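Just so it is clear: in the sequence shown, position 42 is 65 by the working numbering, and no numbers are missing. I have placed the structure first, in the form of structure tokens, so that the comments after it can refer back to it.
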Amino acid sequence: MPRIRDIETLSSGQARNIALRVTSGRAGDAGDVLRHLVSVQLDAITVLAPAHQLTLAERLPGSTTGEVDSLLWQADGTVAFEYPAHAAALVAVEDWPLWAFRRRRSRIHPQYPDPALRDDLLSRIGSEGPLPLRSLHDQVGTATGWNWSPAKTAVQLLLWSGELACVRRDRAGNRLFQLPPTAIGDQYLTDALTDQECLRALVERAGHALGVATVDDLADYLRVTVASVKAVLPDTELVPAAVDGWPQPAWASEQALAFVDTVAEGASFLGPFDNTIWYRKRVARVFDFEHRLEAYKPATKRQHGYYVCPLRVGSDIVGRADLAYRDGTLTIITASPDAPAEFLAAGFSAACARLSAMLGATDITVLGQPADTPIPEALERAIGLSNT
Numbered sequence: 024m025p026r027i028r029d030i031e032t033l034s035s036g037q038a039r040n041i042a043l044r045v046t047s048g049r050a051g052d053a054g055d056v057l058r059h060l061v062s063v064q065l066d067a068i069t070v071l072a073p074a075h076q077l078t079l080a081e082r083l084p085g086s087t088t089g090e091v092d093s094l095l096w097q098a099d100g101t102v103a104f105e106y107p108a109h110a111a112a113l114v115a116v117e118d119w120p121l122w123a124f125r126r127r128r129s130r131i132h133p134q135y136p137d138p139a140l141r142d143d144l145l146s147r148i149g150s151e152g153p154l155p156l157r158s159l160h161d162q163v164g165t166a167t168g169w170n171w172s173p174a175k176t177a178v179q180l181l182l183w184s185g186e187l188a189c190v191r192r193d194r195a196g197n198r199l200f201q202l203p204p205t206a207i208g209d210q211y212l213t214d215a216l217t218d219q220e221c222l223r224a225l226v227e228r229a230g231h232a233l234g235v236a237t238v239d240d241l242a243d244y245l246r247v248t249v250a251s252v253k254a255v256l257p258d259t260e261l262v263p264a265a266v267d268g269w270p271q272p273a274w275a276s277e278q279a280l281a282f283v284d285t286v287a288e289g290a291s292f293l294g295p296f297d298n299t300i301w302y303r304k305r306v307a308r309v310f311d312f313e314h315r316l317e318a319y320k321p322a323t324k325r326q327h328g329y330y331v332c333p334l335r336v337g338s339d340i341v342g343r344a345d346l347a348y349r350d351g352t353l354t355i356i357t358a359s360p361d362a363p364a365e366f367l368a369a370g371f372s373a374a375c376a377r378l379s380a381m382l383g384a385t386d387i388t389v390l391g392q393p394a395d396t397p398i399p400e401a402l403e404r405a406i407g408l409s410n411t
């Protein structure tokens, strides 16, 4: 029987402190960070740096984006596998058992490959070793128009079902598919947990990663239904909470409550796919900030730019910048303040210097003139900091 728990009452500022501190908190090595965050999103856009590199480098002090992959895919063991957790994402290899519920569901998908095709694909990969998708097109078929090819559909569903695994990419960035027993340690390769056990563990972990969250927040974080979250919440370690200004009840991680009065340190740009800003409704509620990914919109419909990164200063999100990186140069295409200019300038300067160090940039340039006068001055300070 679920235990009766007192309701924690939090101010909106305390909830913001908790949310920023735990989601952006540093938790050790790459595997530790992955386990804490549950998953880290992947994306094909690399105009600044690969999405997962930005997310992880931000949480691994002293590391650069270019070093992240070597930390994840070490010669002496597998740290992560690719899986549709939140979206296409990296997941700590130890967490393979927790996604058994999604693997089982994938095996009854309407487009799941028929037994003959499935056996052919698995047999070929088993005999030839890890293969990229392009090597399988001749066996299954090629793409038509904008649709997934038959090969991609089949392989993707076999990946979702756990009959294939991806723990490596080739030098061109193509996923390499292999049989799970050759990629995942025997101690993790199991579907023994029930759907309820998987969901209970994952909801609890998502609660620890978010610090304080509504049911909607938790459901979005794991890409599961609200009903499935509600069904397991009473059996988790999370405690009921009420946050001033939040229209819905919340749940909090008891460990995270230690950070109610801890303001996040420094300033940084959050990558557009950073866990902190995954759920647009949560970002608006927690940070009073509107964030939308505009990279996939036509240029004429973008309000702030192509690869826009929110600017965090302390426990607040106070602006954003459209950023790019190439050949050692970090480029600020546009900058948009959402806070008083005198407050923004110092944070903008520090965030530029921090991102420059993460990217290994040797220069910072400005394409468009930012509207607020103090921002060019902040850029000058940032450029000075990055070149010292």
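Cβ coordinates follow ideal geometry from the N, Cα and C atoms, glycine included. Keep in mind it's a predicted model, so treat the numbers as computed, not measured.
- Contact between the segment 36–46 and the segment 251–262 is absent: fewer than three C-beta pairs spanning the two stretches fall below 8 Å.
- Taking a 10 Å sphere around the C-beta of A115, we find 16 or more other C-beta atoms and assign the residue as buried.
- Under the 8 Å Cβ criterion, the segment 282–299 counts as touching the segment 61–71, having at least three qualifying pairs.
- Of the other Cβ atoms in all chains shown, 16 or more fall within 10 Å of the Cβ of I300; this residue is therefore buried.
- For Y106, the enclosing beta strand (DSSP E) begins and ends at A103 to P107.
- Taken through DSSP and simplified to helix, strand or coil, E317 comes out as coil.
- Residue state for T352 is assigned as strand, using DSSP reduced to three classes.
- Annotation: the continuous alpha helix (DSSP H) that includes W183 extends over P173 to W183.
- Secondary-structure assignment with DSSP links L113 through a beta bridge to V63 and E105.
- Cβ contact annotation for S35 (same chain, cutoff 7 Å, sequence separation greater than five): V266, D267 and G268, in chain order.
- Burial state of T46 is buried, judged by a 10 Å Cβ sphere holding 16 or more other Cβ atoms.
- Taking Y135 as the centre and dropping the five residues before and after it, the same chain places the C-beta of L180 closer than 6 Å to its C-beta, in chain order.
- With 16 or more other Cβ atoms from the protein chains shown falling within 10 Å of its own Cβ, G342 counts as buried.
- CA-CA distance, E81 to M381, rounds to 8 Å.
- Membership of I387 in the beta strand (DSSP E) is indicated by the continuous run D386 to V389.
- When secondary structure is reduced to three states using DSSP, T32 falls in the strand class.
- By the C-beta density criterion, T217 is exposed, having fewer than 16 other C-beta atoms within 10 angstroms.
- Closest by C-alpha distance to V389, out of G370, G351, P360 and L346, is L346.
- Counting the other CB atoms within 10 Å of its CB gives T88 a total of 16 or more, which places it among the buried residues.
- The straight-line gap separating the alpha-carbon atoms of A112 and F200 is approximately 15 Å.
- Among the bridge pairs identified by DSSP, F296 is matched with none.
- Taking the Cα positions, S62 is about 31 Å away from S150.
- About 20 Å separates the CB atoms of L121 and D52; that is not less than 8 Å, and the two are not in contact.
- Per DSSP, P138 is one residue of the alpha helix (DSSP H) stretching across P138 to E151.
- Nearest C-alpha to P133 among Y244, S184, S251 and G196: S184.
- Around the beta carbon of S146, fewer than 16 other beta carbons sit within 10 angstroms, so the residue counts as exposed.
- Distances from the CA of G54 to each of R305, E117, P155 and D143 were compared; the closest alpha carbon is that of E117.
- V247 and A254 have their C-alpha atoms roughly 12 Å apart.
- Annotated three-state conformation of Q37 is helix, per DSSP.
- With a threshold of 16 other beta carbon atoms within 10 Å, R198 meets it and is buried.
- Residue range R198 to Q201 is occupied by the beta strand (DSSP E) that includes F200.
- If you check the CB distance, A174 and A188 do not come in under 7 Å.
- The residue from A236, L256 and F124 with its alpha-carbon nearest to that of L280 is A236.
- When the beta-carbon positions are compared, Q76 and V56 stay at least 7 Å from each other.
- A139 sits exposed, since fewer than 16 C-beta atoms from the chains shown fall within 10 Å of its C-beta.
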